[in-house]
Amino acid sequence: MELNNDCIRILNFMAEYDNEYVKLSELSDQFKVTEKTIRNKLGKIEDFLQTKGFEALDRKYGEGIRLNATPELMTYLEKYKKTYTPYRYVFSSDERKRFIQSELLQSEEPINISYFMSVMDISKNTVIKELNEIESVFAQFNLKLRRKPRVGIYVEGREKDKRLALSRVNSEIMTVSDLLNFISTGEGNSKSNTLQFETLFSDIDTDYLDRLLIEIEQDSGIEFSDTAYSSMITHLVIMIKRIQTDRKILVIDAPIDERMYAYEIKLAKKMVAKIEKHFDIEIPETEVNYIVLHLIGAKLTKGPGISSSEEESLRNVIMRMISAIESIYGVAFIQREALLDGLLLHLRPAVNRIRFNLKIENPLYEDILIQYRELFENTRKVCVLLEEYLGKTISAHEISYIMLHFGAALQNSTESEAPYRVILVCGTGVGTANMLKSQLNEVYQMNVVDTLGARSVREYPRDKYELIISTIPIPQMDPSEYIRINPLLMKNDYERLDKLFQKRKNLFASKEMVSIDDVMGIVGKYAKVENEDQLKLELLMILADRVTSKTSKEGAPLREYLKESSIKVSVPVKNWEHAVEEACAVLEDRRSILPSYCASIKEKLRTLGPYMVIAPGVALLHTDTDKGVLQTDFSIMTLRQGIRFGKEDYDPVRLVITFSSTDGVSHIQALRDLALLLGDSERVLKIMNADTKKEIQKLI
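Residues 1 to 700 in full-length UniProt numbering are what the sequence shown spells out, letter by letter.
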């Protein structure tokens with residue numbers, strides 16, 4: 001026998017109880033069904049477990065039912081949920097729309113509605129509804145969605161625009177970690193992942209492409225970051241499939257200077273020749289340009305880099321930038337040459353990204369603005385030198401990566417040798433890795449001997465390190481073999497690392513780079529803190545105010561944003577994604593954000609975890625200012641029942657606060673008010689239980 005979706009949800013819920021008993025009444029309340037229905041479903045779950053060779057449910061009078069969640073069972077269930085099992089998987093609206101877009105953009109022939117109905121187990125009306133909503137998405141790429149009775153649905157437009165749209169959809173569906181895991185194991189991290197990957201990579205020998213990129217790395221002496229590797233693999237797969245189906249190939253409008261980029265062109269032509277032979281296809285010469293752009297726009301984690309006629313000029317600009325930062329902070333970097341080399345390695349491809357208008361996004365951008373706002377603004381000032389040199393404006397995300405190098409150098413000024421050898425695995429690139437390395441070396445007695453991408457860990461000599469610390473899941477490696485942390489080191493990360501490493505006695509403390517966790521550590525030595533999270537939030541607001549109050553308007557107080565149209569009361573939602581959609585809908589209706597803002601929030605929660613759950617029962621939803629913000633605004637939504645976001649200490653969430661900001665600082669006063677509000681637990685509880693919007697307004 002197999003399980004239906006309801007049974008799977010109950011099984012997942014019981015697994016979260018960590019081998020503790022749960023009462024029938026709790027299950028009944030959680031899933032809004034009678035206890036009799038719960039008993040019937042538990043019977044099916046028990047039969048399923050026994051047929052698969054696992055223990056039956058443990059029942060204890062007066063305490064409830066317990067799932068014996070052994071590691072073997074949990075491993076089996078994770079694998080079970082990722083495969084095409086008979087139980088009905090309910091795809092979210094976003095998953096459905098992305099899958100439909102991807103299928104239509106990849107198909108040479110019209111697709112019948114019945115295909116989508118069958119694959120995703122949805123009704124005809126649901127398919128039609130999703131098609132209506134994605135028409136506007138296609139329009140953004142100058143594409144039209146065509147529907148012909150008895151023929152099917154297809155996308156009309158230039159091949160160039162279709163390919164651009166497909167790249168955007170794929171980037172929204174799959175994270176770098178997802179792609180690395182699929183190429184390594186052949187499985188997605190979820191059923192929707194598996195469905196999408198198998199569609200994109202069907203009939204393509206990805207093992208060969210993986211070996212080819214490794215060969216290119218070895219022959220050229222460079223190493224792609226995980227992000228650059230994933231981007232290249234995805235591009236090559238799309239290119240091969242389009243040639244195999246006799247579809248036109250995208251022609252790059254931007255000319256490639258054959259003298260400046262001779263090395264990249266040579267590598268691209270070598271790759272093309274090998275791909276042509278292996279897949280028995282003929283690749284147009286114009287396709288070489290696109291591969292060249294991937295090479296010159298990629299972040300490279302190490303290696304001699306790529307030669308360039310402007311190397312000396314770029315080096316001089318970097319030296320001026322370093323001198324400017326030294327002047328601002330009144331320091332002389334003790335590892336100036338290392339900083340110069342690191343920035344040169346980063347800026348070689350960054351310069352090309354800027355020239356060819358290739359966008360890059362830093363997944364840590366929002367956190368950087370909060371924790372390192374002053375350093376970010378100072379980096380923006382010195383980047384004017386680079387902008388003058390290039391004659392181009394540098395995006396905030398590019399600046400945030402450059403900032404990480406300066407942050408590492410500032411902290412490295414007190415770095416010393418430590419006996420415990422560690423390797424760092426970081427998927428977002430060398431700047432993030434160096435920043436994290438400096439933070440770890442500053443606090444703990446350790447020696448970070450190298451920084452790697454996830455693909456390189458297995459080949460690294462085992463006698464060169466004692467421990468692996470990673471910011472991302474490492475494919476084909478058991479989680480017990482390494483320590484997983486947040487790239488910006490959260491409180492729980494420090495707690496885990498404290499148990500393994502001895503702390504340094506003299507911590508580097510600069511007034512420009514204050515660590516909230518360091519402040520909290522000092523406060524904890526001399527005072528009992530009743531609400532650590534609230535204190536941390538208020539301190540964060542004060543530190544943010546140091547930078548922003550002199551240069552920017554702080555915005556209106558919280559109560560001025562929260563009109564009746566900004567409040568929703570007792571909203572029924574199915575899961576955290578549904579909660580995000582309902583919360584963002586408030587700001588969309590007020591014309592404060594576009595739908596892309598909601599999509600960005602969900603993507604951040606998927607890739608970075610539930611960090612937006614900031615207090616018990618409270619989620620603060622937000623994302624980057626360039627993700628569809630029309631005006632600064634706030635909203636409040638209470639939930640009819642608690643929803644799990646995945647943050648064990650603070651789940652379930654019953655209060656969802658959403659805000660948008662046009663400039664990253666105009667919301668500071670409202671956030672300060674919010675910090676004070678969250679510090680009053682009685683008031684928060686009253687808001688959660690309020691029956692009307694006016695009740696909530698009175699409590700703000």
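Where is the CB? At the ideal position from N, CA and C, for every residue including glycine.
Through-space distance from residue j to residue i, alpha-carbon basis
i, j, result
"residue 70", "residue 598", "37 angstroms"
"residue 230", "residue 149", "39 angstroms"
"residue 271", "residue 216", "8 angstroms"
"residue 353", "residue 376", "20 angstroms"
"residue 495", "residue 267", "46 angstroms"
"residue 372", "residue 15", "38 angstroms"
"residue 386", "residue 406", "15 angstroms"
"residue 484", "residue 455", "16 angstroms"
"residue 31", "residue 613", "22 angstroms"
"residue 76", "residue 53", "11 angstroms"
"residue 275", "residue 388", "40 angstroms"
"residue 281", "residue 114", "33 angstroms"
"residue 351", "residue 408", "21 angstroms"
"residue 680", "residue 618", "13 angstroms"
"residue 57", "residue 519", "47 angstroms"
"residue 162", "residue 392", "28 angstroms"
"residue 158", "residue 10", "47 angstroms"
"residue 522", "residue 602", "35 angstroms"
"residue 228", "residue 290", "14 angstroms"
Within 7 angstroms, strictly: CB atoms of residue i and residue j
i, j, result
"residue 557", "residue 673", "yes"
"residue 659", "residue 622", "yes"
"residue 562", "residue 687", "no"
"residue 105", "residue 141", "no"
"residue 592", "residue 631", "yes"
"residue 130", "residue 146", "no"
"residue 451", "residue 424", "yes"
"residue 466", "residue 421", "yes"
"residue 151", "residue 110", "yes"
"residue 365", "residue 397", "yes"
"residue 269", "residue 288", "yes"
"residue 586", "residue 579", "no"
"residue 383", "residue 360", "no"
"residue 379", "residue 426", "no"
"residue 116", "residue 100", "yes"
Which of helix, strand or coil DSSP assigns to residue i
i, result
"residue 410", "helix"
"residue 145", "strand"
"residue 615", "strand"
"residue 50", "helix"
"residue 641", "strand"
"residue 546", "For residue 546, the predicted structure reports a pLDDT of 45, less than 50, and the residue's modelled location is therefore unreliable. A value from the coordinates is still provided. Three-state result, residue 546: helix."
"residue 421", "strand"
"residue 501", "coil"
"residue 444", "strand"
"residue 528", "coil"
"residue 156", "strand"
"residue 355", "helix"
"residue 251", "Confidence in residue 251 is poor, its pLDDT being 47 and thus under 50, which makes the residue's placement too unreliable to answer from."
"residue 29", "helix"
"residue 151", "coil"
"residue 283", "coil"
"residue 474", "coil"
"residue 457", "coil"
"residue 552", "Note that residue 552 scores a pLDDT of 41, beneath 50, so its modelled location is shaky; the value from the coordinates is reported in the next line. If DSSP states are grouped into helix, strand and coil, residue 552 belongs with coil."
Close-in-space but distant-in-sequence residues of the same chain around residue i (CB under 8 angstroms, 5 per side omitted)
i, result
"residue 505", "With a pLDDT of only 40 at residue 505, under 50, the local geometry of the prediction cannot be trusted, and no value is derived from it."
"residue 24", "35, 38, 39, 64, 65"
"residue 458", "476, 477"
"residue 60", "21, 66"
"residue 493", "485, 486"
"residue 449", "421, 422, 423, 464, 465"
"residue 600", "623, 624, 627, 628"
"residue 326", "332, 333"
Heavy atom of the ligand ZN within 6 angstroms of residue i beta-carbon
i, result
"residue 138", "Absence of the ligand ZN is noted for the structure shown, with no ligands found whatsoever."
6 angstroms CB neighbourhood of residue i in its chain, flanking five on each side removed
i, result
"residue 657", "620, 636"
"residue 567", "636, 693, 696"
Neighbourhood of residue i by C-beta, 7 angstroms cutoff - its chain only, sequence neighbours within 5 removed
i, result
"residue 73", "54"
"residue 318", "340, 343, 344, 347"
"residue 662", "625, 629, 631, 632"
"residue 643", "573, 575, 576, 579, 652, 653"
Should the segment 94-109 be regarded as contacting the segment 124-134, the criterion being three or more beta carbon pairs within less than 8 angstroms?
yes
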